[in-house]
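Contents: one structure, followed by commentary.
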Amino acid sequence: MTMKCVYNETLISLQHETHNRQFGETYDGDRLAIFADNRAVVFVDLNGRYRVESLDGEVVFIGTGGIDEALARIDYAQPLVDVQIIEGDRTYTRDDYYRHIAPVVYLIAQHFDDDTGSLAIAYERRKNGRLLDDGTVIVADDGAFGDWLAEQVEKEERPPVMRFGDWLPVSVQSRLAELDINDEYPVEIKRGTWPALRKKAKEDKQ
Numbered sequence: 001m002t003m004k005c006v007y008n009e010t011l012i013s014l015q016h017e018t019h020n021r022q023f024g025e026t027y028d029g030d031r032l033a034i035f036a037d038n039r040a041v042v043f044v045d046l047n048g049r050y051r052v053e054s055l056d057g058e059v060v061f062i063g064t065g066g067i068d069e070a071l072a073r074i075d076y077a078q079p080l081v082d083v084q085i086i087e088g089d090r091t092y093t094r095d096d097y098y099r100h101i102a103p104v105v106y107l108i109a110q111h112f113d114d115d116t117g118s119l120a121i122a123y124e125r126r127k128n129g130r131l132l133d134d135g136t137v138i139v140a141d142d143g144a145f146g147d148w149l150a151e152q153v154e155k156e157e158r159p160p161v162m163r164f165g166d167w168l169p170v171s172v173q174s175r176l177a178e179l180d181i182n183d184e185y186p187v188e189i190k191r192g193t194w195p196a197l198r199k200k201a202k203e204d205k206q
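Note that UniProt numbering has the sequence shown beginning at 1, numbered continuously upward.
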């Protein structure tokens, strides 16, 4: 068995510290790949902490910056490494894991009925572009609308994305600001989505 040490080589210039490279080295001074078999395993817990190991169980990195940081460190130390990501009792490839953690996206349009004074909400709930479910909800006012939004957020495993086809009242905007939602995830909305949802809300207002 080849014994090696793992080093962080750091460059400090004008009080500015830069992580320069990470490498393995034998006792004889020979540089080795961090992952000699070109494969790494990332263990991720529910708080975003991670532990990166080689296939023989050597712990190489530990951090708290989540999967993006873990993969960035692996790729920096040794590009093109084959990575398995383990969370709980499930194992993922890179692509599969990012699909797994992608947030649920809500597309929401509403219609206010002047005759009844009720507000109809039509929505689609999607993940990775795939429709999970859709429907229409009738509420009495903006306060009930905000309550419904809060209920949907609480049901999701991770902070969802909320996209609206219509202007929201200030009270609903204030309620959204209190909720843990994902404001950064990019969402592509197909042409015709909002008119179709508005039409559904209007037709199902009874």
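The C-beta atom is built at its ideal place from N, Cα and C for all residues, glycine as well.
Could you tell me the alpha carbon to alpha carbon distance between D142 and A177, rounded to whole angstroms? Roughly 15 Å separates the two Cα atoms.
Just mark Q110 as buried or exposed, buried being the case when its beta carbon has 16 or more other beta carbons within 10 Å. When all chains shown are included, Q110 counts as buried.
Please state the DSSP three-state secondary structure of E156. If DSSP states are grouped into helix, strand and coil, E156 belongs with coil.
Measure the CB-CB distance between G63 and Y50 and report whether it falls below 8 Å. In contact: G63 and Y50 (Cβ atoms closer than 8 Å).
Taking 7 Å as the limit between beta carbons, can you name the residues of its chain near E69, skipping five residues before and five after? Cβ-Cβ distances below 7 Å link E69 to G63 in the same chain, with the five nearest sequence neighbours on each side left out; the list follows chain order.
Would D95 and N38 qualify as a contact pair, given that the criterion is a beta-carbon distance under 8 Å? No, the Cβ-Cβ distance between D95 and N38 is not below 8 Å.
Mind reading off the beta-carbon distance from R125 to L119? Whole number of angstroms is fine, and I expect it under 8 Å. The beta carbons of R125 and L119 sit about 19 Å from each other, so the pair does not count as a contact at 8 Å.
When the Cα atoms are used, what is the spatial distance from N20 to R73? Unreliable positioning characterises N20 in this predicted model, as indicated by a pLDDT of 46, which lies under 50. The coordinate reading is nonetheless provided below. The straight-line gap from Cα to Cα measures roughly 11 Å.
With C-beta atoms as the reference, is Y97 less than 8 Å away from I67? Going by C-beta atoms, Y97 is nearer than 8 Å to I67.
DSSP three-state call for K199: helix, strand or coil? Here DSSP, grouped into helix, strand and coil, assigns K199 to helix.
For I85 versus V137, is the C-beta distance shorter than 8 Å? Cβ distance not < 8 Å, so I85 and V137 don't count as in contact.
Collapsed DSSP secondary structure at G63 in the structure displayed: Here G63 carries a strand assignment [DSSP, helix/strand/coil].
Name the residue from F61, D56 and V170 whose alpha carbon lies nearest to the alpha carbon of V44. The shortest C-alpha separation from V44 is found at F61.
Does I185 come out as helix, strand or coil in the three-state DSSP assignment? Sequence check: residue 185 is Tyr here, not Ile. Here Y185 sits in coil by DSSP.
Since I86 is in the beta strand (DSSP E), which residue starts that stretch and which ends it? Run containing I86: D82 to E87, per the beta strand (DSSP E) assignment.
Does the beta-carbon of I189 have 16 or more other beta-carbons within 10 angstroms, so that it is buried, or is it exposed? Residue environment for I189: exposed (fewer than 16 other C-beta atoms within 10 angstroms of its C-beta).
Tell me which residue opens and which closes the beta strand (DSSP E) that S54 is part of. It spans Y50 to S54 - the beta strand (DSSP E) in which S54 sits, taken as one unbroken run.
Ordered along the chain, which non-local residues of its own chain (more than five positions away) have a Cβ less than 8 Å from that of V59? Result list for V59: R51, V52 and E53, in chain order.
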